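*Asks:* Chains as they are written, first to last, in my numbering: chain A, 3 to 435; chain B, 21 to 302; chain C, 33 to 334. From the three backbone atoms N, C-alpha and C, an ideal C-beta is built for every residue, glycine too. Every value quoted in this text rests on a predicted model; they were computed, and no experiment measured them. The structure that follows is given in the form of structure tokens.
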Amino acid sequence: MKFGKMVAILLSILMLIAAIPMAATAETLTLSEEPITLTLWDIATEDPQKSISDAAVQRFMDAYPNVTVEVTHTQNDAYKEKLIIAMSSGQCPDIYIHWGGGPMNEYINSGFAADITELFETYNTVDFLPSAIEQCKYNDKMYAIPYGGIGGCGIFYNKTIFAEIGVEVPTTIAELEAVCDKLVAAGYVPFSLANGSKWTGSMYFMYLATRFGGTEAFAKAVEGTGSFTDEAFMYAASTIQDWVGKGYFPEGVNSLSTDDGQDRQLIYQQKAAMMLHGSWQARSMEADQADWYKANIGYFAFPALEGSTYPQNIVVGTSIGNGFSFNCDGEKLKAAFILATQFFNDDIYNQAQLDANTIPSIVGMGDTIQDQCMQQIWADFSAAPQVQLWYDQYLPPEVGEKHKDLCQDIFGLTMTPLEANQALQDAMAAYNK
Amino acid sequence: MRMIVKEDRKSVVAWAIAFVLAALWLLIALLPFLYMVMNSFKGQFEMLVSGVFSLPEALNFDNYVAVINGGFLGYLLRSIIVTSVSLAGMVLISAFASYPLSRMKFKLRGFLYGLIIACMSIPMHVTLIPVFKMTTASGLYDTLWALPGPYVAFAIPMSVFILANFMKGIPVEIEQAAEIDGCGKYRTFFEIIIPLSKAGISTLCIYNGITFWNEFAFVKTLTQSVKAQTLPMAINNFKGEHSVNIPVILAVLALSALPMIIMFCILQDKLVKGMTAGSVKG
Amino acid sequence: MVNRQPTLSLQQRRKRSTAVAATWFLAPALILMVIYIAYPVVETFHISLYTWNGISPDRTFIGWGNWETLLQDSRFWQAFINNIKIMVLSILIQIPIGFLLATFLDADSKKFNLFKVVWFLPLLMSSVAIGFLFQYALATNGGLISTISNLLGGKNIDLLGSPDRALYTVIGVIAWQYIPFYMVYFLAGYSGFDDQIYEAALIDGASRSTFIKVIGMPMMKPTIISACIMSLIGSLKYFDLVFVMTGGGPGYATDIMATYMYSTSFKYFKMGYGSTIAAGMFILITAIAVLVRRVLTGKEER
Chain A
3 MKFGKMVAIL LSILMLIAAI PMAATAETLT LSEEPITLTL WDIATEDPQK
53 SISDAAVQRF MDAYPNVTVE VTHTQNDAYK EKLIIAMSSG QCPDIYIHWG
103 GGPMNEYINS GFAADITELF ETYNTVDFLP SAIEQCKYND KMYAIPYGGI
153 GGCGIFYNKT IFAEIGVEVP TTIAELEAVC DKLVAAGYVP FSLANGSKWT
203 GSMYFMYLAT RFGGTEAFAK AVEGTGSFTD EAFMYAASTI QDWVGKGYFP
253 EGVNSLSTDD GQDRQLIYQQ KAAMMLHGSW QARSMEADQA DWYKANIGYF
303 AFPALEGSTY PQNIVVGTSI GNGFSFNCDG EKLKAAFILA TQFFNDDIYN
353 QAQLDANTIP SIVGMGDTIQ DQCMQQIWAD FSAAPQVQLW YDQYLPPEVG
403 EKHKDLCQDI FGLTMTPLEA NQALQDAMAA YNK
Chain B
21 MRMIVKEDRK SVVAWAIAFV LAALWLLIAL LPFLYMVMNS FKGQFEMLVS
71 GVFSLPEALN FDNYVAVING GFLGYLLRSI IVTSVSLAGM VLISAFASYP
121 LSRMKFKLRG FLYGLIIACM SIPMHVTLIP VFKMTTASGL YDTLWALPGP
171 YVAFAIPMSV FILANFMKGI PVEIEQAAEI DGCGKYRTFF EIIIPLSKAG
221 ISTLCIYNGI TFWNEFAFVK TLTQSVKAQT LPMAINNFKG EHSVNIPVIL
271 AVLALSALPM IIMFCILQDK LVKGMTAGSV KG
Chain C
33 MVNRQPTLSL QQRRKRSTAV AATWFLAPAL ILMVIYIAYP VVETFHISLY
83 TWNGISPDRT FIGWGNWETL LQDSRFWQAF INNIKIMVLS ILIQIPIGFL
133 LATFLDADSK KFNLFKVVWF LPLLMSSVAI GFLFQYALAT NGGLISTISN
183 LLGGKNIDLL GSPDRALYTV IGVIAWQYIP FYMVYFLAGY SGFDDQIYEA
233 ALIDGASRST FIKVIGMPMM KPTIISACIM SLIGSLKYFD LVFVMTGGGP
283 GYATDIMATY MYSTSFKYFK MGYGSTIAAG MFILITAIAV LVRRVLTGKE
333 ER
């Protein structure tokens with residue numbers, strides 16, 4: 003036995019030495035043999051996401067036979083309500099996904115997300131994007147593991163129509179307006195927008211405000227040191243109304259629904275030439291009709307505002323498609339952490355995501371993606387000095403919803419820019435008290 | 021049968037107008053249903069490009085195949101079970117309750133009737149969390165049997181409201197005659213009141229049958245695995261986070277509506293028979 | 033029991049047996065309703081006294097604070113007014129049309145079977161399908177209404193996206209969905225008639241229209257009243273199609289009490305206030321229903 007022990011010690015020393023070059027990144031997390039059951043809730047109801055998620059869980063269970071994971075896939079629309087009901091009844095799953103931002107903070111404040119700062123600093127092996135890690139933090143502590151993939155937004159455009167009327171991809175907002183005017187003259191609707199869904203119109207507001215005042219204007223307005231009636235937001239709201247007046251958006255813009263595909267319809271019918279939308283639209287359009295999509299659709303970043311002193315390549319969107327948070331502790335938490343970092347976010351998982359036109363929130367991950375639009379999205383995302391998280395996710399839930407409701411008033415011209423921004427400011431002030 | 025006896029010019033004109041309006045309403049009622057079926061044969065791209073109102077390029081059954089391979093028959097079976105169990109419970113319990121409320125005199129009658137009617141005005145969503153808690157506590161969570169309880173409970177107020185109203189219309193003499201013949205309250209109920217309330221009961225079955233069949237909020241909250249879910253949840257299987265394959269969903273909806281149409285035809289037939297057999301001849 | 037109280041009169045005994053029978057008949061319904069409805073309602077009123085995000089183990093008791101907010105909450109009262117508009121128009125549209133359809137079918141229910149089945153279809157369709165199809169049918173550009181307007185030389189009409197028209201558009205779609213229910217309901221009401229009454233009336237030389245006016249309507253009165261009450265309550269707590277079609281928008285143009293309650297409870301993380309809205313809805317709806325019922329039937333019952 004003595005000899006055996008010596009060998010063991012020697013071996014572990016050797017292993018330690020071997021591990022030194024890697025030790026800068028992480029130690030290995032080990033689990034005890036006790037049987038563990040984990041419940042996991044996600045929103046992967048549809049393939050390929052569903053099989054990718056199931057496969058990751060299966061690999062984990064094969065590697066750790068003492069752990070059983072019970073997965074429940076719930077459709078997006080129903081998921082948030084279901085999670086609230088489960089939490090309020092003390093039935094919160096051990097691992098659940100969320101979108102970060104305001105709702106995540108509520109989960110954390112209510113005690114449903116374990117602090118994983120220490121686990122993460124000691125054991126994490128994945129080279130997540132810094133902005134992704136940032137989104138998983140609250141008060142400088144880590145509460146979630148990113149997974150899913152980045153979701154920036156930008157402008158999808160019809161290359162064929164651009165060629166037909168002889169315009170180039172615009173790089174400034176002035177050029178964009180010139181393109182729009184030409185499109186209107188040629189009988190096209192410049193932007194396809196289905197603002198019945200509310201968050202779709204918010205993208206225009208966010209980009210215009212960010213181009214004018216950087217992420218700073220928004221951060222200040224949220225903190226209370228600035229206001230939503232500041233110049234950046236006034237510029238955003240009045241530019242939108244100016245564009246509405248010039249006919250840049252489809253008729254009845256507030257009645258169209260993106261869930262029912264009414265914005266993609268205008269693109270497919272070649273009635274509209276551009277669509278500011280989330281990067282997942284690349285996946286949706288390819289699923290609808292891959293050949294047509296590849297032949298006709300290109301992508302460019304939201305153009306720059308001349309004269310602004312703020313960085314003009316900030317991306318609006320999210321660095322984490324989703325985050326996993328953990329409502330458990332001890333061995334269960336360790337097991338959940340291993341699952342989230344080593345099986346979701348491993349090479350097999352990441353490749354499967356890339357094949358499905360989704361870029362995991364990991365450094366260098368998008369370099370090999372095939373899809374042209376996604377290549378551009380990744381390039382913009384990698385070059386961006388900052389990512390402005392969706393307002394409606396960043397803001398406290400009530401204020402976020404108010405912002406979306408107001409976007410309809412802005413696009414519908416039922417409020418002046420000042421009225422709308424003042425209403426948002428009032429909601430924000432009421433929250434800050 | 022009621023027939024038009026006076027065939028004078030005035031009534032012919034009236035009938036002509038009635039028929040034109042009836043045909044117009046036929047169109048209004050039918051068109052959306054027709055479009056639902058029509059679009060269920062298209063591909064998503066085809067539907068978006070050619071528009072919702074065009075005929076499909078071909079009768080393409082791919083969506084239906086996908087739906088049926090996606091476990092549709094299991095959902096269908098579970099829906100049939102849940103709907104029939106709930107319907108049986110609903111009819112029995114609300115008929116029981118309607119009888120004393122409409123035809124007996126006792127102290128708390130007005131109060132109880134008012135209470136049951138007040139329950140009609142409860143927004144269902146506020147009950148989700150308490151009902152969820154009870155369901156998990158009772159161990160019914162994520163089983164098919166979590167559903168009939170809340171379904172029946174929420175159907176009772178309106179059912180009692182309708183049925184009590186029907187039972188009020190049954191002449192007192194019939195009941196008195198039965199009592200003189202030596203019928204107890206219970207026999208009177210089963211042998212006189214129930215058969216005479218057939219029309220009301222079949223209305224209830226039609227309305228609540230559809231409600232149970234399409235019910236979504238409770239099944240979404242009280243179940244989480246496929247083995248416990250009914251047809252409305254099948255729709256979610258074909259919905260992703262950001263993308264929705266609409267024609268496939270329409271195929272699910274068209275297939276789910278079919279059993280209900282058949283049900284309606286059968287029950288309607290019963291209702292017609294009820295008109296002659298059930299009408300009060302004194 | 034009876035032996036011990038030999039002084040019990042026949043009438044008293046009958047009274048008692050009636051009470052016993054009534055208890056048995058009512059018990060199952062009451063038990064089920066206490067479990068699934070009464071308890072949640074009490075819970076709702078209870079939660080309405082707290083500030084609570086819906087998930088946290090801690091909640092703060094604030095007494096009537098939420099109720100004071102509710103009384104001054106202009107969004108709630110705007111939603112209430114929208115509900116009242118839906119209510120009034122639903123009763124005015126759904127019940128007369130349902131009545132006419134039923135009257136037509138009642139003339140010869142066998143011959144008109146096809147009409148009956150087709151007219152019934154809207155009630156069968158799920159809100160998801162209705163929401164989707166009407167979203168396209170009502171589209172400003174290329175939708176049915178705009179196309180008709182174009183044919184008549186008019187412009188495109190924005191229905192769901194216009195704050196002035198969105199609510200009425202939704203009311204129209206709700207009516208389309210629920211008219212078949214009232215049709216079936218009135219049809220069942222007609223079936224309670226004695227054929228002999230009609231035949232006797234015909235022998236007396238009454239035309240069908242006079243029959244409906246003079247005998248049909250009065251006999252159907254209780255059925256019509258209860259249909260009105262159902263439509264009233266249904267419209268005041270309505271949720272489905274508004275949630276699917278507009279989500280309360282544009283702005284708050286189609287916001288109704290139930291959608292406001294839902295957003296507050298499940299989207300804004302304000303379960304305490306959401307419960308207050310729900311409890312407020314309950315009180316308002318019950319009060320209106322009782323009042324209307326008194327007005328409609330009061331004279332006869334008293």
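I need the DSSP call for L278 of chain A, collapsed to helix, strand or coil.
*Replies:* Residue state, collapsed to three classes: strand.
*Asks:* Using a Cβ-Cβ distance cut-off of 8 Å, determine whether Q374 of chain A contacts chain B.
*Replies:* No, no contact with chain B.
*Asks:* Would you call T147 of chain B buried or exposed, if buried means 16 or more other Cβ atoms sit within 10 Å of its Cβ?
*Replies:* Buried, by the Cβ-count rule.
*Asks:* For S99 of chain B, which of B:A254, B:I282, B:K259, B:S263 has the nearest alpha-carbon?
*Replies:* S99 of chain B has its Cα closest to that of B:A254, out of B:A254, B:I282, B:K259, B:S263.
*Asks:* Of all the CB atoms in chain A, is at least one closer than 8 Å to the CB of V69 of chain B?
*Replies:* With 8 Å as the cut-off, V69 of chain B counts as an interface residue toward chain A.
*Asks:* Using DSSP with H/G/I as helix, E/B as strand and the rest coil, what is P76 of chain B?
*Replies:* In the structure shown, P76 of chain B sits in coil (DSSP, three-state: anything other than H, G, I, E or B).
*Asks:* Does P195 of chain C come within less than 8 Å of chain B when only Cβ atoms are used?
*Replies:* With 8 Å as the cut-off, P195 of chain C does not count as an interface residue toward chain B.
*Asks:* Quick check on F164 of chain A - is its C-beta less than 8 Å from some C-beta in chain C?
*Replies:* Cβ-Cβ to chain C under 8 Å: no for F164 of chain A.
*Asks:* At 7 Å on the CB atoms, spell out the chain C contacts of K205 of chain B, in chain order.
*Replies:* Correct list: A53.
*Asks:* By DSSP, does M24 of chain A sit in helix, in strand, or in coil?
*Replies:* Reliability of the predicted coordinates at M24 of chain A is poor, the pLDDT of 41 falling under 50, and the value obtained from them is presented with this limitation in mind. Here M24 of chain A sits in helix by DSSP.
*Asks:* If M106 of chain A sits next to S321 of chain A, beta carbons under 8 Å apart, how far is it from one beta carbon to the other, in whole angstroms?
*Replies:* Their Cβ separation, rounded to whole angstroms, is 13 Å, which puts M106 of chain A and S321 of chain A out of contact at 8 Å.
*Asks:* Which value, in whole angstroms, describes the spacing of the CA atoms of L41 of chain B and P128 of chain C?
*Replies:* Using only the alpha carbons, I get a separation of about 14 Å.
*Asks:* Can you tell me where the alpha helix (DSSP H) holding N359 of chain A begins and where it ends?
*Replies:* Segment: none, N359 of chain A is in no alpha helix (DSSP H) and carries neither H nor E.
*Asks:* Is it buried or exposed, A25 of chain A, if we count other Cβ atoms within 10 angstroms and call 16 or more buried?
*Replies:* Confidence in A25 of chain A is poor, its pLDDT being 38 and thus under 50, which makes the residue's placement unreliable; the coordinate value appears in the next sentence. Exposed, by the Cβ-count rule.
*Asks:* Scan the region 291-322 of chain C for residues whose Cβ lies nearer than 9 Å to a Cβ of chain A and list them as they occur along the chain.
*Replies:* Answer in chain order: Y294, S295, T296, S297, F298, K299, Y300, F301, K302, M303.
*Asks:* Short check: CB of L316 of chain C to CB of F77 of chain C, under 8 Å?
*Replies:* No, Cβ-Cβ distance for L316 of chain C and F77 of chain C is not below 8 Å.
*Asks:* At the level of alpha carbons, what is the spacing between P23 of chain A and T127 of chain A?
*Replies:* Low per-residue confidence applies at P23 of chain A: pLDDT is 40, beneath 50, and the placement is therefore not dependable enough to give any value.
*Asks:* Spell out a yes or no on whether the region 126-144 of chain B and the region 188-206 of chain B are touching, meaning 3 or more CB-CB pairs, one atom from each, closer than 8 Å.
*Replies:* Because the criterion of three Cβ pairs below 8 Å is not met, the region 126-144 of chain B and the region 188-206 of chain B do not touch.
*Asks:* Any beta-carbon of chain C closer than 8 Å to the one on C225 of chain B?
*Replies:* No, C225 of chain B lies away from the interface with chain C (no Cβ there is under 8 Å from its Cβ).
*Asks:* Measuring CB to CB, does L167 of chain B end up less than 8 Å from V246 of chain B?
*Replies:* Result no, Cβ atoms of L167 of chain B and V246 of chain B do not sit closer than 8 Å.
*Asks:* Curious, which full-length alpha helix (DSSP H) runs of at least 4 residues does the region 101-183 of chain C contain?
*Replies:* The qualifying runs are 106-139, 145-156, 159-169, 176-183.
*Asks:* Output yes if chain C places a C-beta closer than 8 Å to the C-beta of F92 of chain B; else output no.
*Replies:* No, because no Cβ of chain C sits closer than 8 Å to the Cβ of F92 of chain B.
*Asks:* Please check if any C-beta of chain A sits within less than 8 Å of the C-beta of T329 of chain C.
*Replies:* Taking Cβ atoms only, chain A never reaches closer than 8 Å to T329 of chain C, which makes this a no.
*Asks:* Would you kindly work out how many angstroms separate the C-alpha atoms of I177 of chain C and I189 of chain C, rounded to a whole number?
*Replies:* Cα to Cα, I177 of chain C sits roughly 7 Å from I189 of chain C.
*Asks:* Among C:I309, C:V276, C:M157, C:S122, whose alpha-carbon lies nearest the alpha-carbon of I281 of chain B?
*Replies:* The candidate whose alpha carbon is nearest that of I281 of chain B is C:M157.
*Asks:* Secondary structure at G332 of chain A, three-state DSSP: helix, strand or coil?
*Replies:* DSSP places G332 of chain A in helix when its eight states are reduced to three.
*Asks:* Hey, how far is the Cα of T318 of chain C from the Cα of I261 of chain C?
*Replies:* Roughly 11 Å separates the two Cα atoms.
*Asks:* Just how far apart, CA to CA, sit A198 of chain C and L191 of chain C?
*Replies:* Cα-Cα distance, rounded: 5 Å.
*Asks:* If I measure Cβ to Cβ from S276 of chain B and keep anything under 6 Å in the same chain, skipping five residues before and after, which residues do I get?
*Replies:* Answer for S276 of chain B: L251, listed in chain order.
*Asks:* Is there a Cβ of chain A sitting closer than 8 Å to that of V87 of chain B, yes or no?
*Replies:* Not one chain A Cβ lies under 8 Å of V87 of chain B.
*Asks:* Taking the C-alpha atoms as reference points, what is the distance between Y151 of chain A and F345 of chain A?
*Replies:* Note that residue 151 of chain A is Gly in the sequence shown, not Tyr. Each residue's Cα considered, the two are about 15 Å apart.
*Asks:* Would you please verify whether the beta carbon of M119 of chain C is less than 8 Å from any beta carbon of chain B?
*Replies:* Output row for M119 of chain C: interface = no.
*Asks:* Between S88 of chain C and chain A, is any beta-carbon pair separated by less than 8 Å?
*Replies:* Yes, S88 of chain C counts as interfacial toward chain A.
*Asks:* Whose C-beta lies closer than 6 Å to the C-beta of V73 of chain A among residues of the same chain, with five residues either side of it excluded?
*Replies:* So the qualifying residues of the chain are L42, V59.
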